[in-house]
Amino acid sequence: YLLVGLIGLFVGVLYVFRSMKNEDFKSRSEKIIYFVQGVGSSMLITWISYEITDY
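Taking UniProt numbering as reference, the numbering of the sequence shown is continuous, increasing by one, and the terminal residue is 55.
Below is the structure:
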(Lines of atoms letter the chains of each structure in order from A; the text may use other names.)
(Lines give C-alpha, C1' and ligand atoms only; values in the text may rest on other atoms or scores of the structure.)
Protein backbone atom coordinates (compact mmCIF):
# COMPACT_ATOMS: atom_id res chain seq x y z
CA TYR A 1 0.00 0.00 0.00
CA LEU A 2 2.92 2.33 0.63
CA LEU A 3 4.13 1.94 -2.95
CA VAL A 4 0.63 2.60 -4.30
CA GLY A 5 0.40 5.71 -2.14
CA LEU A 6 3.78 6.99 -3.32
CA ILE A 7 2.88 6.42 -6.97
CA GLY A 8 -0.42 8.24 -6.48
CA LEU A 9 1.35 11.10 -4.72
CA PHE A 10 3.97 11.43 -7.47
CA VAL A 11 1.42 11.35 -10.29
CA GLY A 12 -0.81 13.80 -8.44
CA VAL A 13 2.00 16.30 -7.92
CA LEU A 14 2.97 16.13 -11.59
CA TYR A 15 -0.66 16.58 -12.67
CA VAL A 16 -1.22 19.55 -10.36
CA PHE A 17 1.96 21.32 -11.46
CA ARG A 18 0.99 20.86 -15.10
CA SER A 19 -2.58 22.07 -14.67
CA MET A 20 -1.71 24.98 -12.34
CA LYS A 21 -0.40 27.00 -15.28
CA ASN A 22 -3.91 27.33 -16.71
CA GLU A 23 -5.58 28.41 -13.45
CA ASP A 24 -5.94 31.93 -12.06
CA PHE A 25 -5.81 31.93 -8.26
CA LYS A 26 -7.04 34.80 -6.10
CA SER A 27 -5.20 33.83 -2.92
CA ARG A 28 -2.58 31.46 -1.56
CA SER A 29 -5.17 29.37 0.30
CA GLU A 30 -7.05 28.77 -2.95
CA LYS A 31 -3.83 27.45 -4.50
CA ILE A 32 -3.24 25.12 -1.51
CA ILE A 33 -6.80 23.77 -1.69
CA TYR A 34 -6.38 23.14 -5.44
CA PHE A 35 -3.10 21.31 -4.80
CA VAL A 36 -4.54 19.10 -2.03
CA GLN A 37 -7.63 18.22 -4.07
CA GLY A 38 -5.57 17.36 -7.14
CA VAL A 39 -3.10 15.16 -5.28
CA GLY A 40 -5.83 13.53 -3.18
CA SER A 41 -7.99 12.63 -6.14
CA SER A 42 -5.00 11.18 -7.98
CA MET A 43 -4.05 9.06 -4.96
CA LEU A 44 -7.66 7.86 -4.65
CA ILE A 45 -7.85 6.87 -8.33
CA THR A 46 -4.50 5.04 -8.07
CA TRP A 47 -5.65 3.15 -4.97
CA ILE A 48 -9.00 2.17 -6.57
CA SER A 49 -7.19 0.98 -9.71
CA TYR A 50 -4.85 -1.12 -7.56
CA GLU A 51 -7.77 -2.68 -5.69
CA ILE A 52 -9.58 -3.50 -8.95
CA THR A 53 -6.52 -5.17 -10.49
CA ASP A 54 -5.80 -7.02 -7.23
CA TYR A 55 -9.38 -8.28 -7.04
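Just so you know, even glycine gets a beta-carbon here, dropped at the ideal spot from N, CA and C. All of these numbers come straight from a predicted model, not from anything done at the bench.
Could you give the first and the last residue of the continuous alpha helix (DSSP H) run that contains residue i?
i: tyrosine 34; result: 28 to 54
i: phenylalanine 10; result: 2 to 19
Hey, residue i and residue j are a contact pair by Cβ (cut 8 Å); roughly how many whole angstroms apart?
i: glutamate 43; j: leucine 9; result: Just to set this straight, residue 43 is methionine in the shown sequence, not glutamate. Going by Cβ atoms, the distance from methionine 43 to leucine 9 rounds to 6 Å, so yes, they are a contact pair.
i: valine 4; j: valine 39; result: Not quite, the Cβ-Cβ distance comes to about 14 Å (not below 8 Å), so this is no contact.
Give a yes or no on whether 8 Å exceeds the smallest Cβ distance from residue i to chain C.
i: tyrosine 15; result: This model lacks chain C altogether; it includes just one protein chain.
Alpha carbon to alpha carbon, how far is residue j from residue i? Give it in angstroms, no decimals.
i: threonine 46; j: isoleucine 32; result: 21 Å
i: glycine 12; j: serine 41; result: 8 Å
i: glutamate 30; j: glutamine 37; result: 11 Å
i: tyrosine 34; j: lysine 21; result: 12 Å
Task: the segment 46 to 54 contacting the segment 14 to 32, beta-carbon criterion three pairs below 8 Å - done: Short answer: they don't touch.
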